[in-house]
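Report on the structure given below.
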Amino acid sequence: MNKYPKYEYPKPIPVKNRKWPDCQLKKAPVWCSVDLRDGNQALPIPMTPERKLKYFKMLVEIGFKEIEVGFPSASQDDFDFTRKLITENHVPKGVRISVLTQARKHLIDRTVESLAGVKEAIIHCYVAASDLHGHIVFDKNRDDVMKMSVEGTKMISKGIEKAGLKNIAYEFSPEEFTDTDIDFAVKVCEAVKEAWGKSAKQDFILNLPATVERRPPYQYADMIEYFIGKYRYMDETTISVHAHNDQGCAVASTDMSLLAGAERVEGTLFGHGERTGNVDIVTLALNIHSRGIKTNLNFSDMNSIVKVVEAASGIPVHQRHPYAGELVFTAFSGSHQDAIRKGLNSRKKAEEFFHLGWKVPYLHIDPADIGRKYERLIRINSQSGKGGAVFILEQDFGFRPPKEMHPEIGDAVQAYADKKKKEITSDELFEVFKKNFIDIKGPYGLDGFHIISEENAGETVRAKISVTINGTKCEIEGEGNGPVSATVHALKTRKDVIGFIINDFSEQSMGQTADATAVAYVSVKRNSDGKIFYGVGIHSNIEQAALRAVFAALNKAASN
Ligand code: KIV
Ligand code: ZN
251 MNKYPKYEYP
261 KPIPVKNRKW
271 PDCQLKKAPV
281 WCSVDLRDGN
291 QALPIPMTPE
301 RKLKYFKMLV
311 EIGFKEIEVG
321 FPSASQDDFD
331 FTRKLITENH
341 VPKGVRISVL
351 TQARKHLIDR
361 TVESLAGVKE
371 AIIHCYVAAS
381 DLHGHIVFDK
391 NRDDVMKMSV
401 EGTKMISKGI
411 EKAGLKNIAY
421 EFSPEEFTDT
431 DIDFAVKVCE
441 AVKEAWGKSA
451 KQDFILNLPA
461 TVERRPPYQY
471 ADMIEYFIGK
481 YRYMDETTIS
491 VHAHNDQGCA
501 VASTDMSLLA
511 GAERVEGTLF
521 GHGERTGNVD
531 IVTLALNIHS
541 RGIKTNLNFS
551 DMNSIVKVVE
561 AASGIPVHQR
571 HPYAGELVFT
581 AFSGSHQDAI
591 RKGLNSRKKA
601 EEFFHLGWKV
611 PYLHIDPADI
621 GRKYERLIRI
631 NSQSGKGGAV
641 FILEQDFGFR
651 PPKEMHPEIG
661 DAVQAYADKK
671 KKEITSDELF
681 EVFKKNFIDI
691 KGPYGLDGFH
701 IISEENAGET
711 VRAKISVTIN
721 GTKCEIEGEG
731 NGPVSATVHA
741 LKTRKDVIGF
751 IINDFSEQSM
761 GQTADATAVA
771 YVSVKRNSDG
781 KIFYGVGIHS
791 NIEQAALRAV
801 FAALNKAASN
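Numbers in the working numbering are just positions in the sequence shown, counted from 1, shifted up by 250.
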């Protein structure tokens, strides 16, 4: 057992001048969900009929036109579910349900019976085609496999006819295709096609599964290209792929197989299925979406889809699952957050000047495409720095603090996050901002302000200001070219107020209506050591907002 090498390199496929690596995908494949069959059979607790129905309806809403609903001959539950879908009219026009069967008479009969009254459907028959399976599991040789495949196909064709079913397509899977001698697989599939007879392309499906992913993804693609090159009935056949994920490459191998000519994909949402699962259609489809190709699947409410799948499967979607995970549109590092903020703010420029579609640093797709919100884009933790904090203040609350203020905001947020030892939410961030810049308690309070006189058409104002200084209420007077400078001059006459100068002043309005709120940002420089402190004032009146900002900054300078 310890002999080395224990495993063999999978034998390459003899494709001459392979073309698929130079191909580009032009359109989305036909999607077939196998969640309710391959996915369901591999759940620790299979879905209840109610859950299955809810799931089925969700698959229809997402846009699947082909849905494998069960293995009716193998399980009474699957038989009953198929009957329920048909008799209760749950299958909309244009959607084909599919049912799986083995190539044995009594199983085929039961499968056909499950479809009574269906308007259109697919019967999917599989026969294990690999030598490994034939010899070790069934004690059958290639002739036996060929015979079973052809006879099973004929039995199905007859069964459909006998039952008077209309619009039934046929799907055949040489199970373990990627472990099967490729020329033998071609031979079996041609014999099956001949047994079935003439067909429209969409009504005869050859599904070529990687039942166990034993080959690298490029070899799966090679097998598909080779198969298509040899098989004689491509005009009347749809080639389908069905990749399992044992090596974690099912998305890649399916992607490559599509370049190699496959036109249909079977898989499940988030990759549920036997062992490591089936190919994850969410990831595959959204990868295709990210290349500018219409997928015909609607994942615009990803959070709801995640909830339904998690409830049905009892298995949580991983936080870092591509596209769907809770963390995939978050950035923890400050430099990432800063780049995202700049990228989002320059979206127009990127489109107009660089002719880029969606290109934002660190964000592969626009989260809005799948119903995720910008406000959840960035979590702030002790690593995130000022960029992320300012971004949230802008995006979620409409503040546009001056650039010089950003480091002070970053420091305040950092200190809070360090203490909390966890990421902080946007509401918490606002509270930190309020506590550190707006609601600053200290020795100075503004109680009232009124203008006594104005001269030179309002260029010089004299004002009386009611203040509380160190707990004592008093009236002070000052003159200046506006309310702020008049107040500052008045405060400067007092010995019980620290020495300061106004270092920076800016204002903005929030909202565009008549009752827009004014926001003022003021920094004062403390005379004793030259340190700068920012304060923020908010009021419906711009002058009041400015005065509040002055007092907030001054209180900070006096208390720190
Ligand atoms: O993985 C597989 O080979 C299957 C077949 C039934 C198609 O699920
Ligand atoms: Zn499978």
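The beta-carbon is built from N, C-alpha and C at its ideal position, and this holds for glycine as well.
For this session: State yes or no: is the C-beta of residue 421 within less than 8 Å of the C-beta of residue 374?
Result: yes
Problem set entry | Cβ-Cβ separation, residue 355 to residue 405 (assumed contact under 8 Å), whole Å | 6 Å
Problem set entry | Whole-angstrom distance between residue 677 and residue 626, CA atom to CA atom | Its pLDDT being 49, under 50, residue 626 is placed unreliably in this model, and the value from its coordinates should be taken loosely. Using only the alpha carbons, I get a separation of about 11 Å.
For this session: Answer yes or no: do residue 693 and residue 808 have a C-beta to C-beta separation smaller than 8 Å?
Result: yes
Exercise. In this structure, does DSSP put residue 634 in helix, strand or coil?
Worked result: coil
For this session: Could you tell me whether the region 527-544 touches the region 272-286, where touching means 3 or more Cβ pairs closer than 8 Å?
Result: yes
Problem set entry | residue 372 - partner residues in DSSP beta bridges | 348, 419
Exercise. In whole angstroms, what separates the C-alpha of residue 727 from that of residue 712?
Worked result: One C-alpha to the other measures close to 7 Å.
For this session: Write down the C-beta distance between residue 365 and residue 349 rounded to the nearest angstrom, noting that I regard them as a contact closer than 8 Å.
Result: That belief holds up - the Cβ atoms of residue 365 and residue 349 are roughly 7 Å apart, short of 8 Å.
Exercise. Going straight from the alpha carbon of residue 866 to that of residue 746, what length do you get?
Worked result: Residue 866 is absent from the model: the chain starts at 251 and stops at 810.
Problem set entry | Spatial distance of residue 663 from residue 742 (CA atoms) | 32 Å
Problem set entry | Residue range of the alpha helix (DSSP H) that includes residue 231 | Look at the range of the chain in this structure, 251 to 810, and you will see that residue 231 is not part of it.
Problem set entry | Endpoints, the alpha helix (DSSP H) within which residue 679 is located | 676-683
Exercise. Near residue 369, what residues of its chain come up, given a Cβ to Cβ distance below 6 Å and the 5 sequence neighbours on each side ignored?
Worked result: none
For this session: For residue 461, count neighbouring Cβ atoms within 10 angstroms of its own Cβ and tell me buried if that reaches 16, exposed if not.
Result: Under this definition residue 461 is a buried residue.
Exercise. Which residue's Cα is closest to the Cα of residue 760: 476, 511, 791?
Worked result: 791
Exercise. To the nearest angstrom, how far is it from the Cα of residue 255 to the Cα of residue 595?
Worked result: 55 Å
Problem set entry | Residue closest to residue 667, alpha-carbon to alpha-carbon, out of 649, 485, 300, 633 | Nearest C-alpha to residue 667: 633.
Exercise. Hey, would you say the C-beta of residue 383 is under 7 Å away from at least one heavy atom of ligand 1?
Worked result: no
Exercise. According to DSSP, is residue 456 helix, strand or coil?
Worked result: strand
Problem set entry | C-alpha gap between residue 459 and residue 403, whole angstroms | Roughly 18 Å between the two C-alpha positions.
Exercise. Under a CB-based cut-off of 8 Å, is residue 698 close to chain D?
Worked result: Absence of chain D from the displayed structure is noted, only one protein chain being present.
Exercise. Is the beta carbon of residue 501 sitting closer than 8 Å to the one on residue 530?
Worked result: yes
For this session: Keeping to the same chain, check which residues put their C-beta closer than 6 Å to that of residue 749; ignore five residues upstream and five downstream.
Result: Once the five neighbours on either side are set aside, the close Cβ partners of residue 749 are 777.
For this session: Would you identify the three-state DSSP class for residue 651, choosing helix, strand or coil?
Result: coil
Exercise. To which residues of the same chain is residue 639 closer than 7 Å at the C-beta, ignoring the five residues directly before and after it?
Worked result: 630, 659, 660, 663, 679
Exercise. Would you report the Cα separation of residue 618 and residue 371, rounded to the nearest angstrom?
Worked result: 35 Å
Exercise. Helix, strand or coil: how does DSSP classify residue 496 here?
Worked result: coil
Problem set entry | Of the listed residues 602, 271, 655, 586, nearest to residue 505 (C-alpha basis) | Of 602, 271, 655, 586, the residue nearest in Cα terms is 271.
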